[in-house]
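Residue numbers (full-length UniProt numbering): 1 to 93.
Here it is as structure tokens:
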């Protein structure tokens, strides 16, 4: 069964999400941006969510994690929790 590892940054607005994405694309460190801005407890560990299987995360998140290219920041991804930037760090089919 498929399995992926990812990290993310969760914020309350699409505008903030786009601002952080631009900062990362401009050279800011993803993990540091997560520690400084994410409202998810995973922010303390640089946004690392560890490894998980399809169906363990909300549908919108899963769709990105199990289809996006590795090591490229995706988002904003809107879920019931807010807006996410997502980076898939590994995936096995």
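Don't be surprised by glycine CBs; every beta carbon is placed ideally from N, CA and C. Predicted, not measured: the structure shown is a model, and the values here were computed from it.
The C-beta distance from residue 92 to residue 3 rounds to 5 angstroms, short enough to meet the 8 angstroms contact threshold. Residue nearest to residue 88 within the set 11, 63, 16, 82 is 63 (criterion: CA-CA distance). In the displayed model, residue 3 falls within a strand according to three-state DSSP. The region 50-67 and the region 27-34 do not touch, with fewer than three beta-carbon pairs separated by less than 8 angstroms. Beyond the five residues adjoining it in sequence on each side, residue 19 comes within less than 6 angstroms, by CB distance, of no other residue in the same chain. For residue 36, the enclosing alpha helix (DSSP H) begins and ends at 30-37.
In chain order, 88, 89, 90, 91 place their CB closer than 8 angstroms to the CB of residue 70, counting only its own chain and leaving out the 5 sequence neighbours on each side.
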